Amino acid sequence: MLEYLKQVIQDQFDASLAMLDSCIGLCPAEHWEGQIGQAPFWQVAYHTLFFVDLYLSQDEASFRPPSAFREEAIDLGLANHRSGAAATAITPCEKELVADYVEHCRAKAAEVIAAETEQSLAKPSGFPWYPMSRGEHHLASIRHIQHHAGQLSAYLRKHTDKNAPWIGKL
């Protein structure tokens, strides 16, 4: 049963990351900085990938961000929005960098999920602000990817008439 569940989790990481990747690939250059709520298109994609990368780690202390890490790009401006402060402009990440981050996250997900055991999936997530098991946290991460892939897809459909495909499984 464990191997089956690991395969299901991996399949859904793959499918949700493929949908996110599709949105990134479909976004024309003139819409790369288009606003989705408080953040530009590229930043929503980057934020999503950063948290996939982080939450595939055992905990915050063991996380090693990629060499091209952009700390200023992970907050979608919600803190500023809640406080009433003006959002600060951020230099956009290049599309290729964000697409490369998708590949990094795909590879990391495959490695991490393959190494999970029944015990590791049942232990706490490793992130105190997420009081759930590691297994459940993987599912929450997949939901987070889908949430933002949906935002990006809706933006593309509205502003470019491009439609990112639904990918149930690769």
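Converting from the sequence shown to the numbering used here requires adding 45 to each position, the first position being numbered 1.
Where a beta carbon is used, it is the ideal one built from N, C-alpha and C, also for glycine.
Keep in mind the model is a prediction, meaning the values are calculated, not measured.
Residue(s) in a DSSP beta bridge with residue i
i           : result
residue 73  : For residue 73, which the question treats as bridged, DSSP gives no partner whatsoever.
residue 80  : 85
residue 178 : 169
Chain C within 8 Å of residue i, Cβ atoms only
i          : result
residue 98 : Protein chain content of the structure displayed is limited to a single chain, and chain C is not contained in it.
Coil, strand or helix - residue i by DSSP
i           : result
residue 101 : coil
residue 59  : helix
residue 186 : helix
residue 67  : helix
residue 203 : helix
Local Cβ density within 10 Å of residue i, reported as buried at 16 or more and exposed below that
i           : result
residue 179 : buried
residue 91  : buried
residue 53  : exposed
Contact between the stretch 75-90 and the stretch 181-198 is defined here as three or more beta-carbon pairs at a separation below 8 Å; is this criterion met? They touch, by the three-pair rule.
What ranges does the alpha helix (DSSP H) occupy inside the stretch 139-175, keeping only unbroken runs of at least 4 residues that lie completely in it? Runs found: 140-160 and 163-167.
Is it true that the stretch 164-184 meets the stretch 100-107, where meeting means three or more beta-carbon pairs spaced less than 8 Å apart? Contact between the stretch 164-184 and the stretch 100-107 is present, because at least three Cβ pairs lie under 8 Å.
Within the chosen definition, does the stretch 157-167 reach the stretch 64-81 through at least 3 CB pairs nearer than 8 Å? In short, these stretches do not touch, since the Cβ pair count stays below three.
Any contact between the stretch 91-99 and the stretch 136-146? By contact I mean 3 or more CB pairs, one from each, below 8 Å. Output reads yes: the stretch 136-146 touches the stretch 91-99.
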